[in-house]
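Novice: Here the protein sequences come in this chain order: A and B. Residue 109 in this note's numbering sits at position 89 of the first sequence; the count goes up by one each step and never skips. Residue 605 in this note's numbering sits at position 457 of the second sequence; the count goes up by one each step and never skips. Every residue gets a Cβ at the ideal spot worked out from N, C-alpha and C, and that includes glycine.
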Amino acid sequence: MTYHRQATPLHAARVVAGGGFCLALVLCAVIADHPLVLGALLVAVLGAGVGARCLGELGRVLRYALPLALIAAALNPLFSHQGLTVLARLGDVPPFGQLDVTLEALVFGAVFALKLLVVVLALALLSSTVDPDEMLRVVRRVSLRSALTASLATRMWTVLERDARRLAEARRCRADWREGGAGRAARVAAAAVVVRAVAAGALERAVDVAATLEIRGYGSVRRPPRHALPWSRHDLDFASAGLALVSLTVASRLAGVGDFDTYPTVHGSVGLPEGLLVAVLLGVALLPFTDRRGVTG
Amino acid sequence: MEQVTYAYPGAPRPALRNLSLELAGGEFCVLAGGSASGKSTLLRAACGLVPHFYGGVFSGRVTVGDLDSRDHGPDHMARVTGTLLQDPETQIVMSTVRAELSLPLENRGYRPAAVARGVEEVALALGIESLLDRSTATLSGGELQRVALGAALAGQPLLILLDEPTSQLDPVAGDELIGLLRRLNEEWGTTVLLIEHRLERCLAAADRVIALVDGAIAWDGDPAGFQEWAGRERAELQTPAARLIAAAGLHPAPVGVKQARAILCDHGLEAEPAGEPGGEAHSRRGVMSRRPGRWRRRARGAEPALEVRGLWHELRAGPAILRGVNLTLAAGERVALMGRNGAGKSTLLRHANGLLSPTRGRLHRAGRVALLLQNPGDYFLHERVGEEAPPDALALVGLDGMADRHPRDLSGGERQRLALAVVLGAGDRPASVVALDEPTRGMDRGSKAELAERLGGLARRGAAVLVATHEVEFAASFAERVVLLAEGRVIADAEAREVLAGGWYFATETARILGGEGGAVRPEQGAELLRRRLRLEVAG
Chain A
21 MTYHRQATPL
31 HAARVVAGGG
41 FCLALVLCAV
51 IADHPLVLGA
61 LLVAVLGAGV
71 GARCLGELGR
81 VLRYALPLAL
91 IAAALNPLFS
101 HQGLTVLARL
111 GDVPPFGQLD
121 VTLEALVFGA
131 VFALKLLVVV
141 LALALLSSTV
151 DPDEMLRVVR
161 RVSLRSALTA
171 SLATRMWTVL
181 ERDARRLAEA
191 RRCRADWREG
201 GAGRAARVAA
211 AAVVVRAVAA
221 GALERAVDVA
231 ATLEIRGYGS
241 VRRPPRHALP
251 WSRHDLDFAS
261 AGLALVSLTV
271 ASRLAGVGDF
281 DTYPTVHGSV
291 GLPEGLLVAV
301 LLGVALLPFT
311 DRRGVTG
Chain B
149 MEQVTYAYPG
159 APRPALRNLS
169 LELAGGEFCV
179 LAGGSASGKS
189 TLLRAACGLV
199 PHFYGGVFSG
209 RVTVGDLDSR
219 DHGPDHMARV
229 TGTLLQDPET
239 QIVMSTVRAE
249 LSLPLENRGY
259 RPAAVARGVE
269 EVALALGIES
279 LLDRSTATLS
289 GGELQRVALG
299 AALAGQPLLI
309 LLDEPTSQLD
319 PVAGDELIGL
329 LRRLNEEWGT
339 TVLLIEHRLE
349 RCLAAADRVI
359 ALVDGAIAWD
369 GDPAGFQEWA
379 GRERAELQTP
389 AARLIAAAGL
399 HPAPVGVKQA
409 RAILCDHGLE
419 AEPAGEPGGE
429 AHSRRGVMSR
439 RPGRWRRRAR
449 GAEPALEVRG
459 LWHELRAGPA
469 ILRGVNLTLA
479 AGERVALMGR
489 NGAGKSTLLR
499 HANGLLSPTR
509 GRLHRAGRVA
519 LLLQNPGDYF
529 LHERVGEEAP
539 PDALALVGLD
549 GMADRHPRDL
559 SGGERQRLAL
569 AVVLGAGDRP
579 ASVVALDEPT
589 RGMDRGSKAE
599 LAERLGGLAR
609 RGAAVLVATH
619 EVEFAASFAE
629 RVVLLAEGRV
639 IADAEAREVL
649 AGGWYFATET
659 ARILGGEGGA
669 VRPEQGAELL
679 RRRLRLEVAG
C-alpha cells in the first residue's frame, strides 16, 4: 500500500480529519455486530474508495483479506462449541474433541469475517489516502521516539522494495540465470534467493537510513510547532462525518437499534430503525465525497 | 579538527591518522584522494556520525561552530552542518519531496511559514520545484541526489559537507551544482567541504584543496599548488588540463580551462576557432553522419552484435522513455552511451539485455548480452568468490587468485570485476555484447583507467562494449564511438573524438581548452597537437 496524492476530497482533508474519518469507520466496525450495519459499513468503505480513487488499492488488499476472512469464518465452528442449533454432528475429531457444527457458530464466524474485512479495508483506505508525512508530523507532537521508529520503518519499506527490484534484475542478468530452469519451482527458488539477499542487507540499509535521520537533526528537535492552518471545507466535512458515524453507532447500540446476538441462538432485529440506521450511516459516510470544490489544494 | 585519529570497530588500522585541519568560515574546500583514503570518514567526523553513530576508537577533537562533537551527537551538529552522504537512495526518509525538504527545517524548530519559504527557495535554487509534490518512491537516481542535496542545504547551514554530490548527475546538472555551491559560498558565506573524484569539475571553483593519503593529509593548499604537487607526487589526482599542459612541456599546471587557455596564449598557442559542433571542422575524417542514429560503420564484414530498430518504450499512462531509437553495434566496438539524467540510457541497456520488452520496434542480438547494472553488490549470492563465477570468467577479470575470498570482503574495484565475471559467465558461451550502466560511480582515476583497459580487452576478444556513462573523460578514454541520447531519441552518433570535442557540456576538458581543435579529447592527444604546433613555430 502506498500513498499517492490524488485530487479527491479525502486527500484534500488534513490528516486529523481524513485519518479520523477512516479510523471512525474502523471503530464503528468494532462496535457494531449487526450484519446489516457491518454490510453498510463495508459499502461505505468501498464507496469511499471510489470517492478517493483508490478502489484498485482496496481491491489488492481484498485479495489477501478475503481468504483470511473466509478462513476465520470456516475455523470458528471448529473451535466454538456454543450454539443450540446443531447442523452437523461430526463425532470425535482430534484435536477438536466432540465436534458439533452449529448454525450460531457459523453465523458468528461470518459476522466476524465481515467485521474483519471492514476493519482491514478501512485501514487500507487510511494508508492510501492519508499523507504519511503529515501523519508523522502529528505523531511527533505526541511522541518523538514513536515517530522516529515509524519514520524509519515506513522509509525502510520503500528502500527494501527498491532493493528487491534491483536484486531481482541483477539475478536475471547473471550468466547462470537460466541454469535453475524456468518452471514454477525455479521461480520460487529465485524469489527466495532475492528475499534472502534483501533480508541480509536490511540491517545495513536500516543503519544508513538511521544515519540520514540523525544528520537531518531528527533526534534533537523539541516539540515541533503546530501548523495553525485554517480548516478547509473538506477538513470540516470529514471530521464531522467521522464524529457522526461513531456517535450514531454508539447511540444505536445504547438505544438497542441494530442489536444482534449469535449465542445461544441467532437473534437480530430487522425493521425500520435498522433500515434507517443503515441509510443514515451510508449517507453520512459518503456525503463528504460529493463536494469536490478545492480538492487540488 | 585537532589530532583526530579514528578506527572503525574491528578495523585493523585507523581510517584517519593524527589529522589536524582548520576550515575558515566562507572557504570552499575540495577534499581529494584515492579510494579508501579516508575522505568519507573525515566527512562523517565533521558531522558527528563518527564516532557517535559508527562507534570505533576515536581520539582528538572536532569542533564545528561552537559545537564539539565529543559533547554533541550528529542530531545536534545538524544545526550547523548540512550533510550529503554517498548513496542518495538511503538519504530520503519522507514520502514526498516537499516533506523531505521540510524535515530539516522543522527539526530546527522553524515556524510553518519559514519552513514553506525555505522549501520553495531551495527547490528553486536546485531546479527541483516541479518535483515538490512527487512521491520520493518515483524519483530517478539523479533526482534523488538533487532532493537529498536540497535537504542538506535547506537549513542554510554554516558548513556544507558533500560526499560526491555529482556522482549520479549528468555533466550539465553537475556543472550547475558546482556553480550553485560557489554561489552559496560567495553570497551566503557558507563553508563548503566537497569530496569529488572528478576534480576537473570543481577545482576552478575551490579556494583550497586537501589531499588525503592513507588517512593523513598529504597536501593542503591552494588549487594551483595542488596541481603542481599532484604532478610530482600523485599523477592520478591531476586533472586533464594539468596533464595536457605538462605533457606539452608547458608551465605552470593550470587549475581550469580558462587558465589553461591563458597559458596557451602566453606561448602563442591560442585555440583555433572551431566550426559547427560536429560539423566538418570537427570531423576531419568526415565519418560523422548528418543523420543522428545512422553510424556509418567501418566495414567489419560481420553480422552486427546488436541491432535496434525503431525502439519505443512507452509507460502505461505515462511518458515515452525511448522514442524510435535506432542503434547498431558491431562486434569489437567500444561505444559510450551518454545523455542527461532521464534521457533513456539505462532503459536502452535493459532492452538490449532483454530485461524490458519494447512497446514498439525490434531488437536483434547476435548472442547473449551481458549487462552489469549500477550496484555490483546486487549480483552476489554466494559465500565464496569461486562460487559466484566460473574460473575462466574470474581469470578474465583478474580475480583468479581470490576464489576463496568472501565477495563482501573485496574492495570496490574488485567487487565490480567480480560482478563483471558473474555476468560474463563461462567462456563456452561468450557474450556478444557487454553493457555496463554507470560503472565508474565512486571510482578514483586509477580504477577508471583499469576499467577502461579491461573493457578494451573484452572488445579485442570480439565483444561489442556499450557503456552508459555521465563521465566524458572516461568515455574519451575507452570509447571509439559515442551515442548521445536526449528525451529518448538519438541526437548524435559519431566517433568519440567528434562528439566529445564539439560541445560545451559533453566535451572533455582537453577539448574545451583546445576548442575542439583536431578532435583531440584526451590530454595526450591534445599534447601531441600542441607539441606539433610548437615544433612548427620553432621551424617557422
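When you compare only the Cα positions, how much space is there between ARG161/B and ALA155/B?
Specialist: The residue labelled residue 161/B in the question sits at position 13 within the second sequence. The residue labelled residue 155/B in the question sits at position 7 within the second sequence. Roughly 6 Å separates the two Cα atoms.
Novice: Which whole-angstrom value is the C-beta distance of GLU294/A and HIS101/A, which I expect to be below 8 Å?
Specialist: For the purposes of this step, residue 294/A is taken as residue 274 along the first sequence, with counting starting at 1. For the purposes of this step, residue 101/A is taken as residue 81 along the first sequence, with counting starting at 1. In fact, because the Cβ distance is near 30 Å, the residues do not count as touching under 8 Å.
Novice: Roughly how many angstroms lie between the CA atoms of LEU292/B and THR617/B, to the nearest whole one?
Specialist: By one-based count along the second sequence, residue 292/B stands at place 144. By one-based count along the second sequence, residue 617/B stands at place 469. Between LEU292/B and THR617/B, the C-alpha separation is close to 18 Å.
Novice: When you compare the CB of CYS177/B with every CB in chain A, is at least one pair closer than 8 Å?
Specialist: Within the second sequence, the letter at position 29 stands for residue 177/B. It does not: the Cβ of CYS177/B has no partner Cβ on chain A nearer than 8 Å.
Novice: Using a beta-carbon distance below 8 Å, is TYR156/B in contact with chain A?
Specialist: If you number the second sequence from 1, residue 156/B lands on position 8. Judged by the 8 Å Cβ criterion, TYR156/B is not in contact with chain A.
Novice: Give, in chain order, every unbroken run of the beta strand (DSSP E) that is at least 3 residues long and sits entirely within the region 302-359 of chain B.
Specialist: Runs of the beta strand (DSSP E) inside the region 302-359 of chain B: 307-311 and 339-343.
Novice: Let me make sure I understand the geometry here. Which of GLY636/B, TYR202/B, GLU621/B and GLY416/B has the alpha-carbon closest to that of ASP228/A?
Specialist: Residue mapping note: residue 228/A aligns to position 208 of the first sequence, counting from 1. That would be TYR202/B, whose Cα lies nearest to the Cα of ASP228/A.
Novice: Give the range of the alpha helix (DSSP H) segment to which GLN143/B is assigned.
Specialist: With chain B represented from 149 up to 688, any question about residue 143/B goes unanswered, as that position is not in the structure.
Novice: Since ASP53/A meets chain B, which of its residues come closer than 8 Å, beta carbon to beta carbon?
Specialist: For this step, residue 53/A is matched to residue 33 along the first sequence. Those do not exist, as ASP53/A stays about 37 Å from chain B at its closest Cβ, beyond 8 Å.
Novice: Per DSSP, which residues does TRP367/B bridge with? Please list them.
Specialist: Taking the second sequence and counting its residues from 1, the one referred to as residue 367/B is at position 219. ALA359/B.
Novice: Per DSSP, what are the beta-bridge partners of MET486/B in this structure?
Specialist: In the second sequence, the residue the question calls residue 486/B occupies position 338. For MET486/B, which the question treats as bridged, DSSP gives the partners LEU632/B.
Novice: Taking 8 Å as the cut-off, decide whether the C-beta atoms of ALA450/B and LEU477/B are in contact.
Specialist: Within the second sequence, the letter at position 302 stands for residue 450/B. Within the second sequence, the letter at position 329 stands for residue 477/B. No, they are not a contact pair.
Novice: Within 8 Å (strictly less), CB to CB, does SER240/A reach chain B?
Specialist: Indexing the first sequence from 1 puts residue 240/A at position 220. Chain B, which has a Cβ nearer than 8 Å to the Cβ of SER240/A, makes this yes.
Novice: Assign ARG516/B to one of two classes, buried (16 or more other C-beta atoms within 10 Å of its C-beta) or exposed (fewer than that).
Specialist: Counting from one through the second sequence, the residue named residue 516/B turns up at place 368. Buried: at least 16 other Cβ atoms inside 10 Å.
Novice: Cβ closer than 9 Å: which chain A residues qualify as neighbours of ASP214/B?
Specialist: Taking the second sequence and counting its residues from 1, the one referred to as residue 214/B is at position 66. Neighbours of ASP214/B on chain A: none; closest Cβ ~15 Å, over 9 Å.
Novice: For my contact list, LEU633/B and GLY534/B are in at a C-beta cut-off of 8 Å; report their separation, rounded to the angstrom.
Specialist: Here the question's residue 633/B lines up with position 485 in the second sequence. Here the question's residue 534/B lines up with position 386 in the second sequence. Not quite, the Cβ-Cβ distance comes to about 38 Å (not below 8 Å), so this is no contact.
Novice: So, at 8 Å on beta carbons, what are the nonlocal neighbours of ILE237/B in its own chain, with the 5 sequence-adjacent residues on each side left out?
Specialist: Here residue 237/B refers to the residue found at position 89 when the second sequence is read from its first residue. Reading off the sequence shown, one finds Glu at residue 237/B, where the question assumed Ile. Here the set comprises GLY289 and LEU292.
Novice: Quick one, which of ARG556/B, ARG565/B and SER580/B has its alpha-carbon nearest ARG513/B's?
Specialist: The residue given as residue 513/B occupies position 365 in the second sequence. Looking at the Cα atoms, SER580/B is the closest of the given residues.
Novice: Taking Cβ-Cβ distances below 8 Å as the criterion, which residues of the region 271-293 of chain B are in contact with chain A?
Specialist: Per Cβ criterion, the list reads ASP281, SER283, THR284 and ALA285.
Novice: Against VAL213/A, what residues of chain B qualify as contacts under a CB-to-CB distance less than 7 Å, listed in chain order?
Specialist: Here residue 213/A refers to the residue found at position 193 of the first sequence. Within 7 Å Cβ-Cβ: LEU529.
Novice: Look at the Cβ atom of SER283/B, then the Cβ atom of THR244/B, and state whether they are nearer than 8 Å.
Specialist: Reading the second sequence from its first residue, position 135 is the one you call residue 283/B. Reading the second sequence from its first residue, position 96 is the one you call residue 244/B. Contact: yes.
Novice: Using a beta-carbon distance below 8 Å, is ALA163/B in contact with chain A?
Specialist: Counted from its first residue, the second sequence places residue 163/B at position 15. So no, ALA163/B is outside the interface.
Novice: List, in chain order, every chain B residue whose beta-carbon is nearer than 8 Å to that of VAL179/A.
Specialist: Sequence index remark: in the first sequence, residue 179/A carries index 159 (1-based). GLU237 and THR238, listed in chain order.
Novice: By the criterion of Cβ-Cβ separation under 8 Å, what are the contact partners of HIS24/A in chain B?
Specialist: As a working mapping, residue 24/A is identified with position 4 in the first sequence. In chain order: SER283.
Novice: Shorter than 8 Å from the beta carbon of GLY573/B to some beta carbon of chain A?
Specialist: Working through the second sequence from its first residue, we reach residue 573/B at position 425. It does; some Cβ of chain A falls within 8 Å.
Novice: For a contact meaning CB atoms closer than 8 Å, what does LEU503/B contact in chain A?
Specialist: Within the second sequence, the letter at position 355 stands for residue 503/B. Residues of chain A passing the Cβ test: GLU189, ARG192 and CYS193.
Novice: Give me, in chain order, the residues of the same chain whose beta-carbon lies closer than 6 Å to that of GLY196/B; leave out the 5 immediate sequence neighbours on both sides.
Specialist: Residue numbering aside, residue 196/B sits at position 48 when the second sequence is read from its first letter. Correct list, in chain order: SER217, GLY221, PRO222 and MET225.
Novice: State the start and end residues of the unbroken alpha helix (DSSP H) segment that holds ARG73/A.
Specialist: As a first step, residue 73/A is located in the first sequence; it is residue number 53 there, counting from the start. Where ARG73/A is concerned, there is no enclosing alpha helix (DSSP H), given that its DSSP letter is neither H nor E.
Novice: Taking Cβ positions, are LEU58/A and VAL131/A nearer each other than 8 Å?
Specialist: The sequence position of residue 58/A within the first sequence is 38, counting from 1. The sequence position of residue 131/A within the first sequence is 111, counting from 1. In contact: LEU58/A and VAL131/A (Cβ atoms closer than 8 Å).
Novice: Determine the DSSP secondary structure at HIS461/B, reduced to helix, strand or coil.
Specialist: As a position in the second sequence, residue 461/B is number 313, starting the count at 1. If DSSP states are grouped into helix, strand and coil, HIS461/B belongs with the strands.
Novice: Which residues in the same chain have their Cβ closer than 8 Å to the Cβ of GLY575/B, if we skip the five residues on either side of it in sequence?
Specialist: Mapped onto the second sequence, residue 575/B falls at position 427. Contacts found: PRO538, ASP540, ALA541 and LEU544.
Novice: What does DSSP give as the partner residues of TYR154/B in its beta bridges?
Specialist: Taking the first residue of the second sequence as 1, we reach residue 154/B at position 6. According to DSSP, which records beta bridges pairwise, TYR154/B is partnered with LEU164/B and PHE206/B.
Novice: May I ask you to report which of helix, strand or coil DSSP gives GLN673/B?
Specialist: Taking the first residue of the second sequence as position 1, residue 673/B is located at position 525. Here GLN673/B sits in helix by DSSP.
Novice: Mark THR258/B as exposed unless 16 or more other C-beta atoms lie within 10 angstroms of its C-beta, in which case mark it buried.
Specialist: On the second sequence, position 110 is the one that residue 258/B refers to. First, the amino acid is wrong: residue 258/B is Tyr here, not Thr. The residue in question, TYR258/B, is buried, as its Cβ has 16 or more Cβ neighbours within 10 Å.
Novice: When we look at the beta-carbon of LYS493/B and count the other beta-carbons within 10 Å, is it buried (16 or more) or exposed?
Specialist: Against the second sequence, residue 493/B aligns to sequence position 345. Buried, by the Cβ-count rule.
Novice: With respect to 7 Å, is the separation between the Cβ of ASP370/B and the closest non-hydrogen atom of the ligand FAD below this value?
Specialist: The ligand FAD is absent from the structure shown, which contains no ligands of any kind.
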